[in-house]
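Residue numbers (my numbering), protein chains in the order written: chain A, 20 to 279; chain B, 83 to 426. Quick reminder that beta carbons are idealized off the backbone N, C-alpha and C, glycines included. Working notes, beginning with the structure itself.
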Amino acid sequence: MKRHFDPLFIMSIGSCVVVSLFIVIPLIQMLMAPSREILSESLYDPDVQKAIWLSIYSSGLAALISFIIGTPFAYLIARKSFFGKQFVEGIIDLPIMIPHPVIGIAILGIVGKHHWLGNLLYKLGIQVMGTLSGIVVVLTFVGMPFYINAVKNGFESIPVRLEHVSRSLGASFSRTFFHITLPLAWRSIIVGIIMCLARAMSEFGAIVVVAYHPMNAPVLIYERFTAFGLKYSQPIAVLLIVICLILFIALRLLSKKDSA
Amino acid sequence: MIQIKDLCIQLKGFALKHVNININKQDFFILVGPTGSGKTLLVESIAGITPISSGKIIINGHDMTHAPPEKREVGIVYQDYALFPHMTVMENIRYGLLCHKKNLDDQQRLHDLMVKTDILKLSDRKPKHLSGGEKQRVALIRALAVNPSVVLLDEPLSALDPCFRDDIQKLLKKLHKEINTTFLMVTHNFAEALFLGDRGAVLNNGEIEQTGPVQSLFNHPRTHFVAQFMGFKNILEVKVDHDKAKSDHIEFEIPPNIDPKTRYICFRGEDVHISIMRPSVSVNTFLGEIEDFIDKGPYCELLINSNNEQIQVIITKGELIKHAYHQNKTVFISIPPTAFHFIL
Numbered sequence: 020m021k022r023h024f025d026p027l028f029i030m031s032i033g034s035c036v037v038v039s040l041f042i043v044i045p046l047i048q049m050l051m052a053p054s055r056e057i058l059s060e061s062l063y064d065p066d067v068q069k070a071i072w073l074s075i076y077s078s079g080l081a082a083l084i085s086f087i088i089g090t091p092f093a094y095l096i097a098r099k100s101f102f103g104k105q106f107v108e109g110i111i112d113l114p115i116m117i118p119h120p121v122i123g124i125a126i127l128g129i130v131g132k133h134h135w136l137g138n139l140l141y142k143l144g145i146q147v148m149g150t151l152s153g154i155v156v157v158l159t160f161v162g163m164p165f166y167i168n169a170v171k172n173g174f175e176s177i178p179v180r181l182e183h184v185s186r187s188l189g190a191s192f193s194r195t196f197f198h199i200t201l202p203l204a205w206r207s208i209i210v211g212i213i214m215c216l217a218r219a220m221s222e223f224g225a226i227v228v229v230a231y232h233p234m235n236a237p238v239l240i241y242e243r244f245t246a247f248g249l250k251y252s253q254p255i256a257v258l259l260i261v262i263c264l265i266l267f268i269a270l271r272l273l274s275k276k277d278s279a
Numbered sequence: 083m084i085q086i087k088d089l090c091i092q093l094k095g096f097a098l099k100h101v102n103i104n105i106n107k108q109d110f111f112i113l114v115g116p117t118g119s120g121k122t123l124l125v126e127s128i129a130g131i132t133p134i135s136s137g138k139i140i141i142n143g144h145d146m147t148h149a150p151p152e153k154r155e156v157g158i159v160y161q162d163y164a165l166f167p168h169m170t171v172m173e174n175i176r177y178g179l180l181c182h183k184k185n186l187d188d189q190q191r192l193h194d195l196m197v198k199t200d201i202l203k204l205s206d207r208k209p210k211h212l213s214g215g216e217k218q219r220v221a222l223i224r225a226l227a228v229n230p231s232v233v234l235l236d237e238p239l240s241a242l243d244p245c246f247r248d249d250i251q252k253l254l255k256k257l258h259k260e261i262n263t264t265f266l267m268v269t270h271n272f273a274e275a276l277f278l279g280d281r282g283a284v285l286n287n288g289e290i291e292q293t294g295p296v297q298s299l300f301n302h303p304r305t306h307f308v309a310q311f312m313g314f315k316n317i318l319e320v321k322v323d324h325d326k327a328k329s330d331h332i333e334f335e336i337p338p339n340i341d342p343k344t345r346y347i348c349f350r351g352e353d354v355h356i357s358i359m360r361p362s363v364s365v366n367t368f369l370g371e372i373e374d375f376i377d378k379g380p381y382c383e384l385l386i387n388s389n390n391e392q393i394q395v396i397i398t399k400g401e402l403i404k405h406a407y408h409q410n411k412t413v414f415i416s417i418p419p420t421a422f423h424f425i426l
């Protein structure tokens, strides 16, 4: 008997191929473009090494901050109903929608000496503009919504009855959270960290406004492109992509292993 | 002992209204009611999971109305087991002991319970590798491990296959007898209630309709709803006049001294006798025609139209075959006056 394929199924396969090629072709083109010599030269370039390390380091800090302050928040909005909850959820999603330079401008607006917060930070000796702190603030701002949304979904998928049973067995709220909820949400937390890291690694627009220096990888790529052209910016991009790929695959494997 | 005094819970679109229940120490108390009547809400409020709007919850003489769940000494077992999926059976069961920092005596007691319920061999397994019956036994032992004052069972049998259900039902009865703890079980199955319960309450739409010994709920319902819920299939609105009760179409002979304010007469399908020949006793004997019958496996429900009144009769499969009852067959039904129950 002849096998019959539904037109919608064929369309789905077609769209899958188109989407994959749409993403993969430019990336492959870029990966193949630089010669081995230029790639090697870039790899040993101290500025490139510093920029890539800064990208990883600052994104890691943003993910860590998101983990520390985003996890309780995600738990709260996953478990509790309160007046204005949808409004709060809307606020969390705002950084995803706002154009990136606008985020930079918004942050600059509050860290300047004319704003009470900027004034307070200045008195505390914390400088945001043109510093690592500035980069971390921007990356946390843009990355945390992704973390919170992923972890919130994770908490929501854990039956609340497990927590009820734990409490009835004599566990306090904190013990229940650390022994029941958190271990079960661990995979979502890793996914949230990956999402936050990914978003932070790719941030350019807001960083250019808040902290052009010290240069992280996206800013250095942009600078090399404007100053020296495509040939000298591509190798850094290739290195950044490869390092990100290795990092994300490792995190994915870790989350899979944990869930198993 | 649990005392629930004038408990009210107001939620969006539903409310528990002025619930008053007293549960004696070591009782097996049954809370019955249809889906959505507020049974789980009431149980969760006793466990301290759902905050209440007003009223009091007193457990063993202590006012626990505002105590957090971990301070109430109340174990809870859910229909869907709620086992911690990332822990083994042993870790699940020991979880409560670790929270309470219990000593070795408790560990010995736990071991005995596990042997008694045949789950010791499952100690190293994760919940996903257990059958429904095994999961329910683990959930039960986990709740009992911490020696709670009260065990709350939220429909613990309804998600189980019939074969597991009977086992767990017997196990619950056995454990209750042996460990002398108060059990409060929620169910919508009155057969389970009859088998397990000492006393019970019927909840309907957030209000207690009747409380008392389970046998009394079953045999002497006080409201139309309780009668219906407890399996009285024939409930007819009547007017009582001395030793007669008249529905729209049938006149029943009833025992004397029945309250003339009686509004309903009810009787069970299994108490109605059916025959092809006119029976020798003529009291409450009526001619009727079989309108329909529903095969329920071991028994059959016959719907008989007698004088335009629909009467439901339950007979065994054997009787059905023996007398070859079929649709449109004319039969005699007789109802002994002792089968009647009256509701004001």
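Counted as a single uninterrupted DSSP element, the beta strand (DSSP E) harbouring lysine 99/B occupies residues 96-105. In the structure shown, the three-state DSSP call for lysine 183/B is coil. For the region 174-191 of chain A, the set of residues with a beta-carbon nearer than 8 Å to any beta-carbon of chain B comprises Pro178, Arg180, Leu181, His183, Val184, Ser185, Arg186, Ser187, Leu188, Gly189, Ala190, Ser191, in chain order. When the alpha-carbon of glutamine 409/B is set against those of Asp377/B, Phe422/B, Phe424/B, His423/B, the nearest one is in Asp377/B.
For tryptophan 72/A, the closest alpha carbon among the candidates Gln48/A, Val170/A, Leu259/A, Ala81/A is that of Leu259/A.
At a Cβ-Cβ threshold of 8 Å, proline 164/A and isoleucine 115/A count as neighbours.
The beta carbon of phenylalanine 422/B sits no closer than 8 Å to any beta carbon of chain A. Taken atom to atom, the span from the alpha-carbon of cysteine 245/B to that of glycine 379/B is near 16 Å. Non-local beta-carbon contacts of lysine 171/A in its own chain, meaning distances under 6 Å to residues more than five positions away in sequence, involve Ala93, Ile96, Ala97 in chain order. The C-beta of leucine 216/A comes no closer than 8 Å to any C-beta of chain B. Beyond the five residues adjoining it in sequence on each side, isoleucine 393/B comes within less than 7 Å, by CB distance, of Asn316, Val354, Gly370, Ile386, Ile415 in the same chain, given in chain order.
Per DSSP, proline 65/A is one residue of the alpha helix (DSSP H) stretching across 65-98. Membership of glutamine 297/B in the alpha helix (DSSP H) is indicated by the continuous run 296-301.
Scanning its chain for C-beta atoms nearer than 7 Å, with the 5 sequence neighbours on each side dropped, one finds around alanine 169/A the residues Ser207, Val210, Gly211, Met214, in chain order.
Residue pairing of phenylalanine 375/B in beta bridges, as defined by DSSP: Leu384/B. In the DSSP assignment, the residues bridged to glutamine 92/B are Ala97/B. In this structure the region 134-154 of chain A does not touch the region 249-256 of chain A; the number of beta carbon pairs closer than 8 Å is below three. Residue pairing by DSSP leaves threonine 132/B without any beta bridge partner.
For proline 65/A, no CB of chain B lies under 8 Å from its own CB, so it is not counted at the interface with that chain. At a cut-off of 8 Å, the C-beta of arginine 194/A has a neighbouring C-beta in chain B. With a beta-carbon spacing of about 43 Å, tyrosine 177/B and leucine 151/A fall beyond the 8 Å limit used to define contacts. For arginine 281/B, the enclosing beta strand (DSSP E) begins and ends at 281-286. Within the region 88-99 of chain B, no residue has its Cβ closer than 9 Å to any Cβ of chain A. The beta carbon of asparagine 106/B sits closer than 7 Å to those of Met83, all from its chain and outside the five residues before and after it, given in chain order. According to the DSSP assignment, threonine 245/A belongs to the alpha helix (DSSP H) that extends over 236-247. C-alpha of leucine 426/B to C-alpha of phenylalanine 307/B: approximately 12 Å in a straight line.
Closest in C-alpha terms to valine 233/B, from the list Glu155/B, Val220/B, Ile403/B, Asp330/B, comes Glu155/B. The beta carbon of leucine 201/A sits no closer than 8 Å to any beta carbon of chain B.
Using a Cβ distance threshold of 8 Å, serine 221/A and isoleucine 154/A do not count as a contacting pair. Contact check for isoleucine 167/A against isoleucine 111/A passes: the beta carbons are separated by less than 8 Å.
Secondary structure at lysine 138/B: strand, using DSSP grouped into helix, strand and coil. About 10 Å separates the beta carbons of leucine 226/B and phenylalanine 265/B, which is beyond the 8 Å limit, so they are not a contact pair. Considering only Gly214/B, Ile140/B, Gly118/B, Thr147/B, the residue with the shortest C-alpha distance to alanine 164/B is Gly214/B. Per DSSP, the beta bridge partners of phenylalanine 368/B are Ile415/B.
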